[in-house]
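Position one of the sequence shown corresponds to residue 9 (this note's numbering), numbered consecutively onward. All C-beta atoms, glycine included, are put in the ideal place defined by N, C-alpha and C. Presented below is the structure to which this report refers.
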Amino acid sequence: MARPTTSKIPLPAAVQRYFEVALYLLVFTGFGTLASTGGLDTVTVLLVSAALLFRGYLLATRRTLLIPERWTTALTLGYAGFYMVDYFLISGAFLATTVHLVLFVMVVRLFSAQRDRDHYFLSVIAFLMVLAAAVLTVNSIFLLAFAGFMLMAVATFILMEMRRASVHATVAAKDSPDVRAYRQMAFSLSLIAPGIVLCILLGAAGIFFLLPRVSAGYLNAYTPGSDLNTGFSDQVELGRIGQIQQSAAVVMHIQIDGDKSGASDFKWRGVTLDEFNGRSWANHHQRYMAPRLPGNTSSFSLHFPAEANRNLGPSRPIHYKVLMEPMGTNVFFLAATPDILTGNYRALAMDNSGAVFDLDPEHPISTYEATSNVAQPTPAQLRAAYANFSPSVQSNYLQLPALDPRIPLLAQQITAQADNNYDRAVVIERYLQTHYGYTLQLSRTVPRDPLAEFLFERKQGHCEYFASSMAIMLRTLRIPTRIVNGFRTGEFNDIDSQYLIRESDAHSWVEAYFPGYGWISFDPTPPGPAEASTGWRRLRMYTDALASFWREWVVNYDLSHQQHLAFNSTHNGRELLQTLQTWAHRKYQALLTSAHRAQDTLGKSPLGWGAKGILVVVLLLLGGNATRLWRAISKFRLAARPEKSPQLAATIWYERMTRSVGRQGWRKSPVQTPAEFVISIEDPAIRKQVEEFTRRYESARFGDSSTDAAQLPGLYKEIANRPRR
Numbered sequence: 009m010a011r012p013t014t015s016k017i018p019l020p021a022a023v024q025r026y027f028e029v030a031l032y033l034l035v036f037t038g039f040g041t042l043a044s045t046g047g048l049d050t051v052t053v054l055l056v057s058a059a060l061l062f063r064g065y066l067l068a069t070r071r072t073l074l075i076p077e078r079w080t081t082a083l084t085l086g087y088a089g090f091y092m093v094d095y096f097l098i099s100g101a102f103l104a105t106t107v108h109l110v111l112f113v114m115v116v117r118l119f120s121a122q123r124d125r126d127h128y129f130l131s132v133i134a135f136l137m138v139l140a141a142a143v144l145t146v147n148s149i150f151l152l153a154f155a156g157f158m159l160m161a162v163a164t165f166i167l168m169e170m171r172r173a174s175v176h177a178t179v180a181a182k183d184s185p186d187v188r189a190y191r192q193m194a195f196s197l198s199l200i201a202p203g204i205v206l207c208i209l210l211g212a213a214g215i216f217f218l219l220p221r222v223s224a225g226y227l228n229a230y231t232p233g234s235d236l237n238t239g240f241s242d243q244v245e246l247g248r249i250g251q252i253q254q255s256a257a258v259v260m261h262i263q264i265d266g267d268k269s270g271a272s273d274f275k276w277r278g279v280t281l282d283e284f285n286g287r288s289w290a291n292h293h294q295r296y297m298a299p300r301l302p303g304n305t306s307s308f309s310l311h312f313p314a315e316a317n318r319n320l321g322p323s324r325p326i327h328y329k330v331l332m333e334p335m336g337t338n339v340f341f342l343a344a345t346p347d348i349l350t351g352n353y354r355a356l357a358m359d360n361s362g363a364v365f366d367l368d369p370e371h372p373i374s375t376y377e378a379t380s381n382v383a384q385p386t387p388a389q390l391r392a393a394y395a396n397f398s399p400s401v402q403s404n405y406l407q408l409p410a411l412d413p414r415i416p417l418l419a420q421q422i423t424a425q426a427d428n429n430y431d432r433a434v435v436i437e438r439y440l441q442t443h444y445g446y447t448l449q450l451s452r453t454v455p456r457d458p459l460a461e462f463l464f465e466r467k468q469g470h471c472e473y474f475a476s477s478m479a480i481m482l483r484t485l486r487i488p489t490r491i492v493n494g495f496r497t498g499e500f501n502d503i504d505s506q507y508l509i510r511e512s513d514a515h516s517w518v519e520a521y522f523p524g525y526g527w528i529s530f531d532p533t534p535p536g537p538a539e540a541s542t543g544w545r546r547l548r549m550y551t552d553a554l555a556s557f558w559r560e561w562v563v564n565y566d567l568s569h570q571q572h573l574a575f576n577s578t579h580n581g582r583e584l585l586q587t588l589q590t591w592a593h594r595k596y597q598a599l600l601t602s603a604h605r606a607q608d609t610l611g612k613s614p615l616g617w618g619a620k621g622i623l624v625v626v627l628l629l630l631g632g633n634a635t636r637l638w639r640a641i642s643k644f645r646l647a648a649r650p651e652k653s654p655q656l657a658a659t660i661w662y663e664r665m666t667r668s669v670g671r672q673g674w675r676k677s678p679v680q681t682p683a684e685f686v687i688s689i690e691d692p693a694i695r696k697q698v699e700e701f702t703r704r705y706e707s708a709r710f711g712d713s714s715t716d717a718a719q720l721p722g723l724y725k726e727i728a729n730r731p732r733r
């Protein structure tokens with residue numbers, strides 16, 4: 009039968025095709041990694057994505073579009089003039105303008121690459137985009153993107169070497185007549201490239217976990233800071249926290265020991281602010297170094313002198329672990345009355361207000377553990393607190409700017425029925441919660457008198473307006489107050505038992521001073537609408553758990569993590585070894601017991617068990633040769649009734665005939681046709697019989713003649729029964 013015809017593909021052309029696709033995917037992966045960081049503007053992402061997709065369309069449809077070299081030169085020179093326009097009028101920043109230039113050159117080169125240096129240039133650009141993504145993000149998405157980039161890089165460089173070798177070969181490669189050869193090459197490449205990438209990642213993982221790092225993350229020193237730090241500085245303009253709350257970006261994860269159900273509701277203090285000028289709050293507390301605990305180089309004591317004589321009753325300590333995202337602030341966020349802070353930091357500072365700051369520029373805040381005492385006095389104790397304040401408290405926490413006269417009048421009206429400072433604070437807190445609305449939709453421009461506008465005109469705002477209004481009204485009543493900027497306890501992730509704190513959880517609240525008991529928290533802000541529970545929310549929890557693991561065990565992996573990993577590995581290894589030993593001993597005893605039982609049973613009836621053993625052996629032999637036996641039976645049935653299937657039966661009887669003639673001295677060569685075999689037989693009598701058999705065989709084999717097939721057994725007997733010479 010004739011072989012099916014297939015198209016011929018020159019080897020260099022096939023390699024070139026795969027190489028162009030791999031190089032395109034390498035550039036596409038590199039740009040996708042960079043774009044996923046959010047560091048590029050929307051217009052740039054859309055334009056470059058459109059160009060890359062168009063290039064992909066050309067490759068998929070096997071079309072060619074190459075920009076002439078003279079055009080590339082003209083385009084590059086033209087963009088050099090646009091570079092200045094971009095710098096002064098559009099981007100306004102050198103880094104963004106340079107990124108635009110590099111991406112433009114990359115797109116032009118992608119549509120004009122013809123020489124090896126063009127391909128090397130695109131590969132380098134793709135690598136630089138991934139490197140830039142490493143600077144801009146520490147998200148777990150980078151792991152997946154980097155793995156994809158590694159896969160395409162390996163495939164690209166393998167094909168680049170194959171292409172170079174095929175071009176410079178001294179002997180031209182022969183064209184294969186079968187396109188399946190090139191499919192096999194593509195299949196082999198698709199297996200080799202992931203295998204190499206897997207080996208690289210496994211080797212890198214081994215080195216990674218054996219060699220701890222000393223900084224907070226890869227390229228962390230070059231990571232750009234966030235605007236979030238302006239909300240937790242020593243001077244905060246009214247409205248700044250509200251701007252932060254409009255983002256859902258993750259700030260930190262908090263894991264509280266013993267909390268597996270999300271039952272905690274703490275506030276995480278950042279900075280306290282005591283001086284108000286009518287439009288912004290400021291903090292002028294003097295900072296001092298936090299001492300280390302004796303014999304512990306990584307733990308700091310946070311005993312504040314101002315809190316030393318607080319009467320909080322029975323202690324209620326909590327221990328928690330915080331994993332912070334890089335947000336460009338040096339403020340630690342802690343629960344009320346922190347006691348001990350542990351982390352890889354050289355020096356910490358604190359002030360009398362309870363704020364703690366990182367003084368180690370080489371170790372930005374990432375992971376730390378802390379212990380706080382969250383005990384609070386009872387309302388009865390606070391109602392009985394005396395109202396004599398020290399001069400320092402009066403000078404720092406009773407300061408008032410020029411106020412609208414309606415504000416102190418409103419405070420007096422609200423608290424007219426209260427006869428102690430605690431009830432006055434509670435009444436104002438409840439009044440603001442019930443008579444004013446919560447919203448983030450406010451003008452970014454702070455009005456001339458923001459508190460008066462909030463209390464008497466707009467009557468809605470976010471937490472800063474509620475907290476500032478309460479603090480100032482209490483000060484008009486001679487109650488010392490201050491503002492605290494921090495975070496509320498956010499969403500609980502039951503997958504990893506961590507609280508997920510987002511920028512939208514940023515919050516401001518009030519602390520009022522009660523002699524003998526210290527600063528007591530009040531929160532006049534009404535609760536916002538609850539987030540609906542959806543399937544996407546559950547998926548987000550799994551994604552966040554993965555991101556948390558990535559941040560802790562990859563980005564922030566250090567010596568302490570290494571020690572923890574080694575301890576767990578050793579402990580788990582010992583437990584596994586002990587379990588295996590117990591399992592093996594139990595199986596050995598069970599096997600030994602079964603052997604004794606079998607020996608006793610065989611001893612009682614040796615003949616019966618011997619017959620059974622022989623039967624089992626026979627069945628095993630039959631089972632192992634079942635295919636061969638079935639083929640033999642099928643051949644026997646076809647040979648017995650050749651007229652039922654003339655073509656198959658003819659083949660069987662022809663094989664039998666050639667073996668029989670071969671035993672008589674005339675063996676058929678595999679390269680001989682039936683006609684050539686007949687001619688090769690020198691004995692006229694045998695040749696005549698074989699010729700007749702061959703004629704009947706060909707008629708049955710190729711003509712499907714049942715009559716001729718039925719004659720083959722008889723003709724075979726005549727040939728087989730001839731006396732041998």
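field: Chain-order list of residues whose beta-carbon lies under 6 Å from that of Cys-207 (same chain, five-residue window excluded)
entry: Closer than 6 Å at the Cβ level, and outside the excluded window around Cys-207, lies no residue.
field: Inter-residue Cα distance where the pair is Asp-124 and Ser-677
entry: When rounded, the distance between both Cα atoms is 55 Å.
message: Suppose contacts are defined by Cβ-Cβ distances below 8 Å. Is Pro-721 in contact with Pro-650 by that definition?
response: Pro-650 sits close to Pro-721, with the two beta carbons spaced by under 8 Å.
task: Report, in whole angstroms, the separation of the C-beta atoms of Ala-683 and Trp-661, which I expect to be a contact under 8 Å.
output: With a Cβ gap of about 17 Å, Ala-683 and Trp-661 do not count as contacting.
Limits of the unbroken alpha helix (DSSP H) element including Phe-701: 692-711 is the span of the alpha helix (DSSP H), which, as asked, contains Phe-701.
Contact belief for Ile-133 with Val-110 at Cβ below 8 Å, rounded distance in angstroms: Contact holds; Cβ gap of about 7 Å.
- prompt: For Met-332, which residues does DSSP report across the bridge?
  reply: Answer is Met-260.
message: Cutting at 7 Å between CB atoms, please list the residues of its own chain near Gln-263, excluding the five before and the five after it.
response: Shown here for Gln-263: same chain residues with a beta carbon closer than 7 Å to its own, the five before and five after excluded, namely Tyr-328, Lys-329, Ser-505 and Gln-506 in chain order.
Straight-line gap, Met-92 to Arg-117 (C-alpha atoms, nearest Å): Straight-line Cα distance between these residues: approximately 21 Å.
query: For Met-335 and chain C, any beta-carbon pair shorter than 8 Å?
result: Here there is only one protein chain, and chain C is not present.
- prompt: Residues in its own chain within less than 8 Å of Gln-697 by CB, not counting five upstream and five downstream?
  reply: Within its own chain, the residues whose Cβ lies closer than 8 Å to the Cβ of Gln-697, once the five positions on either side in sequence are excluded, are Leu-723, Glu-726, Ile-727 and Arg-730, listed in chain order.
message: Just to confirm before moving on: does the CB-CB distance between Leu-281 and Val-244 stay below 8 Å?
response: With respect to the 8 Å criterion, Leu-281 and Val-244 are classified as neighbours on the basis of their beta carbons.
task: Determine the extent of the alpha helix (DSSP H) in which Thr-81 is found, giving its start and end residues.
output: For Thr-81, the enclosing alpha helix (DSSP H) has its first and last residue at 77-93.
- request: Starting from Thr-280, follow the beta strand (DSSP E) in both directions and report where the run begins and ends.
  value: Note, Thr-280: beta strand (DSSP E), 275-281.
- prompt: If you drop the 5 nearest sequence neighbours on each side, which residues of the same chain put their C-beta closer than 7 Å to that of Glu-472?
  reply: Leu-246, Gly-247, Ile-249, Gly-250 and Ser-516, listed in sequence order.
message: What does DSSP give as the partner residue(s) for Met-168 in the beta ladder?
response: Beta-bridge partners of Met-168 (DSSP): none assigned.
query: Excluding five sequence neighbours on each side, which residues of the same chain lie with their C-beta closer than 7 Å to the C-beta of Lys-268?
result: Result list for Lys-268: Ser-505, in chain order.
field: Same chain, Cβ closer than 6 Å to Leu-588, neighbours up to 5 away in sequence not counted
entry: Excluding sequence neighbours, Leu-588 sits near nothing in its chain.
query: Does the Cβ-Cβ distance between Thr-489 and Ala-419 come in under 8 Å?
result: Taking C-beta atoms as the reference points, Thr-489 and Ala-419 fail to come closer than 8 Å.
message: Along the chain, where does the beta strand (DSSP E) containing Arg-490 start, and where does it finish?
response: Residues 489-496.
Sheet register partners of Leu-508 (DSSP bridge): For Leu-508, which the question treats as bridged, DSSP gives the partners His-261 and Glu-499.
query: When you compare each of Ala-101, Gly-351, Thr-666 and Ser-323 to Ser-374 by their alpha carbons, which one comes out closest?
result: Out of Ala-101, Gly-351, Thr-666 and Ser-323, the CA that lies nearest to the CA of Ser-374 is found in Gly-351.
field: Reduced DSSP secondary structure (H/G/I, E/B, other) of Asn-429
entry: Secondary structure at Asn-429: helix, using DSSP grouped into helix, strand and coil.
message: So the candidates are Thr-80, Ser-99 and Leu-73; which of them puts its Cα closest to the Cα of Met-114?
response: Distances from the CA of Met-114 to each of Thr-80, Ser-99 and Leu-73 were compared; the closest alpha carbon is that of Thr-80.
message: So, for Ser-714: in the same chain, excluding its five sequence neighbours on each side, which residues have a beta-carbon less than 6 Å away from its beta-carbon?
response: Here the set comprises Glu-651 and Pro-654.
query: Would you call Asn-633 buried or exposed, if buried means 16 or more other Cβ atoms sit within 10 Å of its Cβ?
result: Within a 10 Å sphere around the beta-carbon of Asn-633 sit fewer than 16 other beta-carbons, which makes this residue exposed.
- request: Out of Phe-112, Phe-119, Leu-448 and Ile-422, point me to the one whose CA is closest to Ala-442's CA.
  value: This sequence places Thr at residue 442; Ala is not what is there. It is Ile-422.
- request: Can you tell me the Cβ-Cβ gap for Gly-40 and Ala-161, rounded? I've got them flagged as a contact below 8 Å.
  value: Contact flag wrong, Cβ pair sits at about 14 Å.
query: For Leu-356, which option in Leu-349, Asp-347, Ile-641 and Asp-366 has the closest C-alpha, if you only look at C-alpha atoms?
result: For Leu-356, the closest C-alpha among the options Leu-349, Asp-347, Ile-641 and Asp-366 is that of Asp-366.
task: Starting from the Cα of Ser-241, find the closest Cα among Ala-606, Lys-595 and Val-492 and give me that residue.
output: Closest option to Ser-241, Cα to Cα, is Val-492.
DSSP-derived helix/strand/coil call for Glu-245: Reduced to three states, the DSSP call for Glu-245 is strand.
message: I need the straight-line Cα distance from Thr-106 to Phe-462, nearest angstrom please.
response: Distance between the alpha carbons of Thr-106 and Phe-462 is about 45 Å.
- request: Helix, strand or coil for Arg-221, going by three-state DSSP, please let me know.
  value: Legend: pLDDT at Arg-221 = 46, less than 50; position of this residue unreliable, value from coordinates given subsequently. Correct three-state label for Arg-221: coil.
message: Quick check on Leu-342: does DSSP put it in helix, strand or coil?
response: If DSSP states are grouped into helix, strand and coil, Leu-342 belongs with the strands.
query: Which one of Gln-254, Arg-71 and Met-158 has the shortest CA to CA distance from Glu-511?
result: When each option's Cα is compared against that of Glu-511, the closest is Gln-254.
message: Between which residues of its own chain and Asp-716 is the CB-CB distance below 6 Å, once the five residues before and five after are set aside?
response: Hits under 6 Å: Arg-704, Ser-707 and Ala-708.
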